[in-house]
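Residue numbers (the UniProt record's numbering), protein chains in the order written: chain Y, 1 to 686; chain E, 1 to 686.
Written out as structure tokens, the structure is:
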């Protein structure tokens with residue numbers, strides 16, 4: 001050892017330790033270490049949480065794929081059972097119905113027993129959460145398992161129940177994001193959590209949509225449109241990044257699992273490229289959009305009315321309150337009986353799964369023209385090459401089945417949405433819209449069998465294009481979104497019909513938005529969740545309304561010089577979460593906010609040392625009761641529009657109004673709602 | 001007449017006037033009239049200004065098409081001249097160069113003589129306007145003609161000058177929208193104008209992009225990303241509606257003019273549908289994105305440095321100040337000489353227009369594989385079926401020409417952007433990116449000539465897909481946007497490469513955004529326009545910074561009880577637009593704001609009746625000087641993040657800070673900028 005040290009001592013003059021010797025080139029190593037440090041800092045500076053976003057995307061894609069895989073197996077087992085059970089009608093009927101009935105009743109029973117929040121899609125609640133309302137436990141990771149299992153069972157019951165995956169998956173994704181950011185936040189200061197967490201949640205919603213449809217663009221845009229009223233462009237890239245990770249992973253997995261050769265779209269279409277549609281057809285696309293808009297209004301109205309009926313009807317409400325699985329069983333039994341293929345299901349293409357429904361409806365041949373001269377057989381099992389045979393009936397033709405499908409599914413879908421289990425309502429609406437479009441397109445292709453003349457060549461009309469437009473328009477109208485148009489293109493991999501589809505979606509939205517609240521807003525209203533309405537009635541008067549006109553002037557202030565007895569009287573007689581604290585009873589100058597809970601606690605600890613008449617609130621505050629400063633406030637002259645924007649953008653629930661420093665009132669969602677509803681009816685005050 | 005009246009009198013009992021008699025069925029008519037009235041109200045209630053949006057879209061589409069038409073004619077005349085002028089090199093050279101030189105010098109001379117705002121793209125200025133800054137006359141309709149004529153000349157000089165249309169067209173569209181809403185606003189109250197006008201401007205920006213590319217989706221998204229930091233979902237449908245009207249009209253016109261059979265996309269591609277790309281290729285797409293990101297950083301850096309050099313170099317700055325057309329002439333002469341086809345232009349594919357550049361770069365064959373064995377000819381004129389022959393040189397092969405194109409266009413583009421005339425910089429960047437992608441794709445197709453194995457069949461790599469990704473990634477990196485990916489799909493009509501293109505764009509953006517300001521932000525900085533930076537340094541400390549730490553405490557308040565002499569002294573010694581008005585010198589309770597101009601006027605009218613020492617500001621206010629109420633205010637405890645959001649969302653320039661009603665300071669963009677720049681460097685205060 002001495003010898004080793006001496007080896008270098010001669011050359012450098014300083015003694016070299018063994019450790020230095022065994023780690024040669026200290027400069028280069030330090031350089032590399034510094035470089036790595038710099039790289040690390042750079043990577044984690046630009047966007048501290050890109051790794052979280054990636055984790056989120058990849059995890060959700062894995063879960064989505066695993067769910068699809070499990071569902072596929074269950075559905076295949078059901079098909080096998082139905083096929084192999086023999087020709088006895090009773091056995092076949094039982095095998096057809098018992099399966100979904102068992103699955104849905106298990107789904108609703110299991111998920112409801114673990115968490116009461118698992119029913120429905122979850123998007124209305126998320127919308128409420130993102131506006132700043134705290135719904136306790138709604139994003140708790142404990143509910144994750146229940147929702148995953150429940151959703152898998154729901155989807156495994158297939159096209160019988162006819163429900164989708166998007167809504168609950170968005171909820172799942174947001175739960176996961178909330179969990180991940182909680183884990184991360186343990187290292188970060190509390191004050192950052194709120195804004196960071198909201199960013200994560202918005203990105204998570206995009207991931208939810210993207211990992212279901214493998215559609216990053218529409219995932220981001222749809223989640224923006226559905227969940228927010230204002231959107232920060234800063235969040236844009238995070239959403240896109242997370243959604244892309246999710247979509248990529250979701251499409252990679254089937255390739256790794258040798259199910260597919262390479263990454264492709266979910267519902268690949270092969271529409272004619274050269275002349276996809278003729279100019280006059282744009283008119284028919286817009287008419288289709290209008291039809292979808294009208295039907296969506298009817299659907300939304302019936303859906304909300306039926307939900308209301310269930311809540312008021314004594315028998316159904318009792319059944320739902322006491323035995324949710326029983327209600328699920330009954331509802332599913334009705335649905336399954338109707339879809340029994342040798343029965344009424346023959347006219348509903350009920351042997352097809354929802355994916356096959358879409359695949360067949362987007363078919364690029366005109367069924368009406370093909371079946372004019374020849375009639376395709378009804379194969380014993382759906383023919384995977386010609387799925388559309390299912391839609392044909394020799395006596396009623398395809399028009400009969402499509403129309404019957406629309407009429408029946410209209411109320412069946414409304415019934416299905418009332419079943420208390422995790423389920424999405426976007427996909428069924430999308431399929432329903434595709435059927436509307438297909439019917440319209442087939443009618444057109446029969447009305448104009450000679451098709452389009454272009455450059456001396458005639459091209460037949462493509463009903464599949466109308467199905468695409470119908471799907472986008474109807475789902476857009478029901479959810480009040482426009483990005484369903486991009487979704488249609490991302491799902492099919494063709495963007496030929498960009499303009500006509502967009503016009504159909506706009507027409508449908510114009511009608512639906514002016515007549516009905518969206519599906520999600522309607523649910524928020526029925527479920528009585530808090531919400532802040534748009535300022536729609538942008539009448540002449542609305543800009544003249546100021547806070548003074550509608551603020552709530554009855555506020556209970558606590559003054560610093562208030563005797564403690566009076567404080568106790570105020571605290572015990574009122575029941576608000578926080579009190580405005582003013583300088584003195586006389587001046588009423590607002591200085592801060594005291595939380596009721598903390599004040600109560602402080603009063604209790606102080607109480608033994610009370611000398612009546614000598615102590616005032618000031619002493620309690622000095623004694624440790626925390627006071628929060630006022631960071632934002634309104635003036636009586638602030639306009640309604642400004643106040644509304646303020647509440648919406650800053651995610652606030654209530655604000656104090658001060659005039660020259662004096663607390664003169666407060667405004668909360670209640671006052672804003674009232675002011676907005678007053679706007680639309682009579683001319684505005686002043 | 002008496003008789004006529006008598007005719008009905010018998011039956012109804014009341015006398016019937018002649019007018020009633022000649023207008024039969026009064027009930028039905030009233031019903032119809034009421035119905036029409038209701039319909040009118042309904043239509044104009046849902047969205048009072050959809051007709052304005054439609055008008056805007058249609059008008060801009062007409063202008064865009066008319067410009068394209070005129071440009072096409074001018075370019076064709078140039079081509080004819082160049083072709084017919086004979087084989088003399090001097091004459092050919094002159095015919096090649098004089099044309100663009102004349103056009104650009106006219107463009108810059110004409111537009112600059114009418115308005116000094118016409119240079120450049122206009123997007124940086126619009127961005128500033130949309131944040132609430134008033135740039136006088138920038139949106140005046142007077143400038144419209146100058147910009148249209150200037151832009152037409154710029155574009156007519158073709159690929160020599162290599163500039164685009166988007167930026168100025170967005171500016172034109174916004175000008176038109178401002179004009180339309182001014183016309184409309186004459187009927188509406190003043191207070192509504194601001195918010196309404198902003199909505200129109202945002203929609204107009206979308207129309208501008210949509211009518212250039214016939215791409216409604218990316219028009220909307222690109223304009224959001226480039227122009228705003230926050231976006232209201234309420235504006236969404238207006239943007240989409242206006243953009244769709246514009247895009248539809250823009251695509252209808254060529255059909256009406258019999259140029260096209262039906263509505264198609266601008267740069268139709270025909271990539272293989274079944275296996276567009278293989279899984280490992282995704283890695284190469286991401287690498288391409290990274291390359292584009294790095295090149296874009298270099299480009300942005302050089303561009304900004306060169307702009308700075310021109311502003312500081314005495315010769316160039318003098319030239320630009322005194323004789324803008326001369327500078328344009330010199331710069332264009334350099335560019336045109338280099339692109340002279342028989343000279344250096346041979347290696348730059350300079351005979352192609354920019355549209356043909358894109359068409360050829362998106363070609364779905366692999367040029368490297370084709371030219372391995374055979375060498376295509378250099379036709380006397382570009383072959384419209386095989387435009388890519390222009391990119392081939394027998395000695396340097398396509399790799400040589402593509403690389404040379406990139407190197408030369410890099411500095412030529414930077415030179416072109418300094419020419420003071422209306423011109424867009426998006427399209428050249430898009431073409432440049434496509435060339436990068438093409439080069440990369442061709443290299444890959446040569447490196448892996450056996451291509452992709454899928455299902456026993458081999459498919460060659462498609463370099464056109466890389467060109468698409470490169471175009472989207474490079475233009476996205478330069479402008480810091482993600483929606484260029486959708487633009488690429490909308491332009492080509494195929495969305496097969498959705499995932500890889502999006503990943504390339506994200507990779508490019510990650511690099512560009514962390515190293516350089518975007519093209520538009522860079523221009524804002526160089527032009528010294530006001531702007532509000534992002535809060536990027538989301539370090540641990542940034543959430544602890546509150547307004548108290550950075551507000552400007554030196555405010556000059558006017559108290560109501562101030563003697564007039566003192567008021568005059570204050571007003572004459574300071575130079576701010578408005579003064580905070582406080583209750584009394586002692587209390588400093590903020591009650592409102594007085595504009596300097598109005599106060600001066602009031603003081604001047606009052607001055608004759610002065611009784612020194614007896615009058616105070618209160619009297620002037622009572623005498624008619626208007627005082628504006630305080631609608632929004634900050635507290636010293638408001639956090640930097642909240643204040644920043646506040647300024648950004650409410651389009652504010654400055655706000656007063658009040659503590660317990662007392663005016664204690666103010667915050668403007670200057671203070672915010674300083675606070676944000678302090679954030680990133682040292683650890684935040686406190």
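From the three backbone atoms N, C-alpha and C, an ideal C-beta is built for every residue, glycine too.
Cβ of residue i within 8 Å of any chain E Cβ
i, result
"residue 503 of chain Y", "yes"
"residue 639 of chain Y", "yes"
"residue 672 of chain Y", "no"
"residue 135 of chain Y", "no"
"residue 509 of chain Y", "yes"
"residue 498 of chain Y", "yes"
"residue 466 of chain Y", "no"
"residue 580 of chain Y", "no"
"residue 259 of chain Y", "no"
"residue 216 of chain Y", "yes"
"residue 486 of chain Y", "yes"
Beta-carbon neighbours of residue i, restricted to chain Y and to distances below 7 Å
i, result
"residue 384 of chain E", "Simply none; closest approach about 17 Å."
"residue 629 of chain E", "635, 637"
"residue 236 of chain E", "225, 482"
C-beta neighbour in chain Y for residue i, strict 8 Å
i, result
"residue 324 of chain E", "no"
"residue 46 of chain E", "Low local confidence applies: a pLDDT of 44 at residue 46 of chain E is under 50, so the model's placement there is unreliable, with the coordinate-based value given in what follows. Output row for residue 46 of chain E: interface = yes."
"residue 441 of chain E", "no"
"residue 201 of chain E", "no"
"residue 604 of chain E", "no"
"residue 6 of chain E", "Its pLDDT being 43, under 50, residue 6 of chain E is placed unreliably by the model, and the measurement read from it follows with that caveat. For residue 6 of chain E, the answer is no, since every Cβ of chain Y falls outside 8 Å of its Cβ."
"residue 40 of chain E", "no"
Distance CB(residue i)-CB(residue j) smaller than 8 Å
i, j, result
"residue 479 of chain Y", "residue 520 of chain Y", "yes"
"residue 476 of chain Y", "residue 484 of chain Y", "yes"
"residue 650 of chain Y", "residue 196 of chain E", "no"
"residue 110 of chain Y", "residue 149 of chain Y", "yes"
"residue 159 of chain Y", "residue 393 of chain Y", "no"
"residue 482 of chain E", "residue 50 of chain Y", "no"
"residue 379 of chain E", "residue 389 of chain E", "yes"
"residue 228 of chain E", "residue 167 of chain E", "no"
"residue 108 of chain E", "residue 421 of chain E", "yes"
"residue 633 of chain Y", "residue 655 of chain Y", "yes"
Residue i, enclosing alpha helix (DSSP H) - first and last residue
i, result
"residue 113 of chain Y", "89-114"
"residue 316 of chain Y", "314-322"
"residue 261 of chain E", "No alpha helix (DSSP H) holds residue 261 of chain E; DSSP gives it neither H nor E."
"residue 618 of chain Y", "617-622"
Which residues DSSP lists as bridging residue i, in chain order
i, result
"residue 656 of chain Y", "Y:666"
"residue 546 of chain Y", "Y:639"
Cβ-heavy atom distance, residue i to the ligand HEM, below 7 Å
i, result
"residue 479 of chain Y", "Although the ligand HEM was asked about, the structure shown includes no ligands whatsoever."
Chain-ordered chain Y contacts of residue i [CB-CB under 8 Å]
i, result
"residue 662 of chain E", "661"
"residue 589 of chain E", "660, 661"
"residue 520 of chain E", "Under the 8 Å cutoff, chain Y gives no residues; its nearest Cβ is about 13 Å from residue 520 of chain E."
Closer than 9 Å at the beta carbon, the chain E residues around residue i
i, result
"residue 230 of chain Y", "230, 231, 232, 233, 234, 649"
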